Amino acid sequence: MPYTVQGVVARGKGEPVSLETVHVPDPGPGEAVVNIQACGVCHTDLHYREGGINDEFPFLLGHEAAGIVEAVGEGVTDVAPGDYVILNWRAVCGQCRACRRGRPWYCFSTHNATQRMTLEDGTPLSPALGIGAFIEKTLVAAGQCTKVDPAAPATAAGLLGCGVMAGIGAAINTGGVTRGDSVAVIGVGGVGGAAVHGAHLAGATKIIAVDIDDRKLAWAKEFGATHTVNSRESDPVEAIRELTGGDGADVVIEAVGRPETYRQAFYARDLAGTVVLVGVPTPEMTIELPLLDVFGRGGSLKSSWYGDCLPSRDFPLLIDLYLQGRLNLDGFVSETIGLGDVEEAFAKMHRGEVLRSVVVL
Ligand SMILES: NC(=O)c1ccc[n+]([C@@H]2O[C@H](COP(=O)([O-])OP(=O)(O)OC[C@H]3O[C@@H](n4cnc5c(N)ncnc54)[C@H](O)[C@@H]3O)[C@@H](O)[C@H]2O)c1
Ligand SMILES: [Zn+2]
Ligand SMILES: [Zn+2]
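In full-length UniProt numbering, the protein residues as written are 1 to 361.
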């Protein structure tokens with residue numbers, strides 16, 4: 001029996017989201033339907049709403065979620081109805097050139113559901129990041145379901161499905177932060193705050209949080225920042241250099257997604273240091289840098305998609321750390337809201353009042 005449920009849809013560029021009736025087909029071969037329990041509001045959802053990702057409206061928003069598998073299609077053996085899962089947007093294919101070379105976190109051909117969820121009039125929906133989880137039940141590829149310990153509440157666990165994983169992974173997987181490193185994170189919202197926490201977990205000894213909002217900086221301290229810089233008040237490049245003996249940080253993570261903050265990251269790192277871009281820019285953004293500086297400063301300039309995570313490896317591991325009290329996922333949950341409150345959550349995100357609003361179903 002297909003399902004008829006309520007979901008949060010962005011119908012057009014910049015239009016407020018609306019709660020719509022959505023048809024969810026029964027899972028076909030390789031697919032699963034998941035009962036969503038909680039889904040965080042990520043800045044990427046707002047990017048979709050604003051047309052910053054692509055024009056494939058209408059979007060079914062939400063992609064940072066945990067829930068219980070309701071039904072699986074033919075040939076699905078890794079998950080079964082009743083399993084507690086975090087949804088991921090990296091169901092690796094095992095066959096592309098990255099997977100074959102043993103680097104599946106770069107998989108270039110990740111799986112999503114083959115069938116489409118639709119509006120009542122049959123219009124197919126584009127699920128955000130191939131998930132679409134501001135909805136009672138969603139249809140995904142079975143590989144997008146990663147089983148974790150059900151002792152972790154969905155409000156916390158779901159956050160690993162996107163922003164928090166992206167931030168932790170940007171520090172640990174992409175940036176290679178290790179014991180004794182100095183790290184600066186520019187933009188400490190949900191993703192940047194998680195990068196701070198990831199650097200803390202990895203043993204960085206100096207962790208400098210930069211933001212234009214003092215509330216974010218105060219939260220960053222709770223995640224392990226040793227120093228904070230309000231970049232409205234002081235030049236962040238100078239401040240980071242000053243705090244690192246004049247050198248710059250070993251790893252600088254940009255978690256805003258803007259040319260000016262990328263430039264700050266570029267110049268705030270030590271010689272031979274690493275810049276990690278985890279913030280998502282929009283298509284019109286460009287940056288110009290002296291090529292001699294790119295060459296002369298050495299090191300590496302990397303981007304981090306989803307924290308270079310491998311969900312099957314990283315989600316259960318991070319949930320275990322959470323259950324041991326070593327990973328503060330609850331600290332990211334600023335409020336829990338209903339499905340009808342996503343538009344207001346975007347406004348709160350815009351005003352900087354929250355790290356994560358989490359929709360609870
Ligand atoms: N690469 C990935 O896989 C991935 C995954 C999830 C999100 N993202 C992206 O990461 C970015 C951050 O997402 P989020 O959910 O944390 O958003 P957010 O709104 O919670 O955080 C953004 C933070 O940047 C700060 N900021 C804005 N302008 C600034 C400036 N000029 N200097 C310093 N700080 C500034 C804001 O005050 C805020 O704290 C977005 O671009 C989002 O699309 C990337
Ligand atoms: Zn692959
Ligand atoms: Zn996201």
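The C-beta atom is built at its ideal place from N, Cα and C for all residues, glycine as well. These figures come from a predicted structure and were not determined experimentally.
Continuous alpha helix (DSSP H) stretch holding serine 312: start and end:
311 to 323
Counting only runs of 4+ residues fully inside the stretch 115 to 187, write out the alpha helix (DSSP H) ranges in chain order.
154 to 157, 163 to 169
Under the criterion of a Cβ to heavy atom distance below 8 Å, does methionine 349 qualify as lining ligand 1?
yes
What is the DSSP secondary structure of glutamate 238, counted as helix, strand or coil?
helix
Check whether proline 81 and alanine 71 have beta carbons under 9 Å apart
yes
Starting from lysine 221 and walking both ways along the beta strand (DSSP E), at which residues does that stretch end?
Not the beta strand (DSSP E): lysine 221 falls in the alpha helix (DSSP H), residues 214 to 222.
Compare the beta carbon distance of residue 365 and isoleucine 36 with 9 Å and say whether it is the shorter of the two.
For residue 365 there is no data in the structure shown, the boundaries of the chain being 1 and 361.
From proline 290 to valine 280, what does the alpha carbon distance come to, in whole angstroms?
22 Å
Classify glycine 352 as helix, strand or coil using the three-state DSSP reduction.
coil
Opposing strand residues paired with glycine 40 [DSSP bridges]
Glu64, Val358
Among Gly307, Ser312, Glu20, which one has its Cα closest to the Cα of alanine 171?
Gly307
Please report the straight-line C-alpha distance between glutamine 95 and valine 237, rounded to a whole angstrom.
43 Å
Residue interval of the beta strand (DSSP E) (run including arginine 297):
Segment: none, arginine 297 is in no beta strand (DSSP E) and carries neither H nor E.
Own chain residues within Cβ distance below 6 Å of glutamine 115, not counting five before or after:
Pro25, Gly28
Let me check understanding here. Comparing Cα to Cα, which of Cys145, Gln324, Gly167 lies closest to alanine 195?
Gly167
Element boundaries [beta strand (DSSP E), containing threonine 4]
3 to 10
Please name the residue, chosen from Gly340, Leu139, Val275, Val9, that lies closest to aspartate 45 on a Cα-to-Cα basis.
Val9
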